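Down below is the structure, laid out as structure tokens.
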DNA sequence: TCGTGTCAGATTGTCTGACAATCAGACCAG
DNA sequence: CTGGTCTGATTGTCAGACAATCTGACACGA
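Residue numbers (the working numbering), protein chains in the order written: chain A, 4 to 236; chain B, 4 to 236.
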């Protein structure tokens, strides 16, 4: 007699709002990587208590967006090339696992991939904002992980893409080659729909490898201080 | 001129100690699944302040060992069969990805697998304690994930096994079939060393599937109130 | 010049105490 | 039996405090 189990109002606690605000600031590139996040400063900037800020920071740290050094505070995580490689191999594992599972996956999960691709293509054609494009692109990749039908893996994938967005906050190289990306993903889905899982896996592998190198070069060009260019005095 | 970068003393904060103590209590089955973790009670039971307990609980929640319901507090997570399935598919994805990477993996990672297996075999033969056996067994599986050489995936695997240990706190079915487990893992490594990756993958797949079903039956027998045996009044 | 104490300021880690909002259960009215 | 109301318990959030620790500057001596 009770079919209201799906109804639940989003309880937004103060901590949640602080976390969201900080996340937004990070993604929008309002704070550089490496910036210290001082508890007191944040607390009275946002009109909340220090305890609340501490809780919010703990969440960001758990998500990998920030890093805590004992007695030295929390900083916005800086992604070195090694970390980027780590994130990319992890992504590759999750997405390839999903794609490989295509034949056994439930139909809704497969349809989600097609829908996400269509949305991405539409966004690319109608000239959506960079942020929307990125979101649509990430949604496609998330849909691939969704093929594994493990909420924990999807959650991890989500957290990985968050880390990446952090690094690419001001790079947004997505715009210029969105069309190419849509094409590549389209090929992939065609292969899957035709039953060529192995082909799709290899296509995705190439795609992700390319993504990693382009991410690394973007990261190498973006910061003011280039990473591996030390000078020995 | 400075080669001391690897030296670092473990800074153990109060929160860390509280988290460890709670984790230990959970793994040792001292608190049943579903038990509420009251902040005040814990605080003065462990002689720390409520803020500290709150932070510790937030960490446990982030690890999935506990669950927070807004305004209703934190409970020890109860694993329903669906969650077990979720964890197991996630584990399968990670470990199979690692094994599949065997040929390209770095030699240390491969050696870690062999070492872990040897340690497990020794533990099984010398009749180690159940806790030690479990640890050795999990180490083998962790080594498989290590083949992916992504620290983030290893971290996730770690957190997944933690969730499982939570469910199997008092079951410890590992003892009786430890020998069989060692044998199965040995076969797997032999296949890999012989270059038969596909065979190893399928072997591991079977192993994990079997693990899931045995876990589910264990879970179905263990609790006082059997899950899916409702009575309609 | 270089390495070593020392000191002040800033920041974190932790504690104490407080209070409104919310929840669970009892209790009561219809 | 359904629908209110009350009460105690617990959480969410705040404010203020203090010791421990870090950072950077400064003075001192080899």
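Where a beta carbon is used, it is the ideal one built from N, C-alpha and C, also for glycine.
The model shown is predicted, which means the values in this text are computed figures rather than measured ones.
N-terminal and C-terminal residue of the alpha helix (DSSP H) that residue i is part of
i                     : result
residue 188 (chain A) : 181–196
residue 90 (chain B)  : 84–103
residue 113 (chain B) : 110–128
residue 72 (chain A)  : Note, residue 72 (chain A): premise wrong, no alpha helix (DSSP H); beta strand (DSSP E) at 69–72.
residue 64 (chain A)  : 53–66
Check whether residue i and residue j have beta carbons under 8 Å apart
i                     : j                     : result
residue 105 (chain B) : residue 191 (chain B) : no
residue 126 (chain A) : residue 136 (chain A) : yes
residue 243 (chain A) : residue 208 (chain A) : A query on residue 243 (chain A) cannot be resolved here, the shown segment of chain A reaching from 4 to 236 and no further.
residue 79 (chain B)  : residue 32 (chain B)  : no
residue 189 (chain B) : residue 97 (chain B)  : no
residue 181 (chain A) : residue 87 (chain A)  : no
residue 26 (chain B)  : residue 60 (chain B)  : no
residue 155 (chain B) : residue 89 (chain A)  : yes
residue 102 (chain A) : residue 214 (chain A) : no
residue 64 (chain B)  : residue 71 (chain B)  : yes
residue 34 (chain A)  : residue 45 (chain A)  : no
residue 54 (chain B)  : residue 54 (chain A)  : yes
residue 211 (chain A) : residue 95 (chain A)  : yes
residue 77 (chain B)  : residue 123 (chain B) : no
residue 73 (chain B)  : residue 14 (chain A)  : yes
residue 159 (chain A) : residue 219 (chain B) : no
Interface flag, residue i vs chain B, CB-CB below 8 Å
i                     : result
residue 89 (chain A)  : yes
residue 218 (chain A) : no
residue 73 (chain A)  : yes
residue 163 (chain A) : yes
residue 115 (chain A) : no
residue 54 (chain A)  : yes
residue 244 (chain A) : For residue 244 (chain A) there is no data in the structure shown, the boundaries of chain A being 4 and 236.
residue 151 (chain A) : yes
residue 100 (chain A) : yes
residue 212 (chain A) : no
residue 58 (chain A)  : yes
Where residue i sits in the DSSP three-state scheme
i                     : result
residue 230 (chain B) : Bear in mind that a pLDDT of 39 at residue 230 (chain B), under 50, signals an unreliable position, so the number given afterwards is only what the model happens to contain. If DSSP states are grouped into helix, strand and coil, residue 230 (chain B) belongs with coil.
residue 151 (chain B) : coil
residue 41 (chain B)  : coil
residue 223 (chain B) : helix
residue 34 (chain B)  : coil
residue 144 (chain A) : helix
residue 11 (chain A)  : coil
residue 205 (chain A) : helix
residue 214 (chain B) : helix
residue 162 (chain A) : helix
residue 131 (chain B) : coil
residue 136 (chain B) : helix
residue 156 (chain B) : helix
residue 199 (chain A) : coil
residue 169 (chain A) : helix
Residues of its chain near residue i, where Cβ-Cβ distance is below 7 Å and the 5 sequence neighbours each way are ignored
i                     : result
residue 49 (chain B)  : 21 and 24
residue 109 (chain A) : 152
residue 58 (chain A)  : 18
residue 131 (chain B) : none
residue 66 (chain A)  : 162 and 165
residue 117 (chain A) : 192
residue 28 (chain B)  : 34
Neighbourhood of residue i by C-beta, 8 Å cutoff - its chain only, sequence neighbours within 5 removed
i                     : result
residue 228 (chain B) : Because residue 228 (chain B) sits at a pLDDT of 42, beneath the cut-off of 50, its placement in the model cannot be relied upon, and the following sentence gives the value as read from the coordinates. Around residue 228 (chain B): no qualifying Cβ.
residue 157 (chain A) : 145, 148, 149 and 151
residue 62 (chain A)  : 18 and 22
Any chain A beta carbon closer than 8 Å to residue i
i                     : result
residue 14 (chain B)  : yes
residue 154 (chain B) : yes
residue 96 (chain B)  : yes
residue 205 (chain B) : no
residue 159 (chain B) : yes
residue 70 (chain B)  : no
residue 92 (chain B)  : yes
residue 137 (chain B) : no
residue 110 (chain B) : no
residue 35 (chain B)  : no
residue 61 (chain B)  : yes
Continuous beta strand (DSSP E) stretch holding residue i: start and end
i                    : result
residue 24 (chain A) : Segment 17–30 is the alpha helix (DSSP H) holding residue 24 (chain A); no beta strand (DSSP E) there.
residue 78 (chain A) : 76–79
Residues near residue i by beta carbon distance below 6 Å, same chain, minus five either side
i                     : result
residue 93 (chain B)  : 163
residue 128 (chain A) : none
residue 197 (chain A) : none
residue 168 (chain B) : 30
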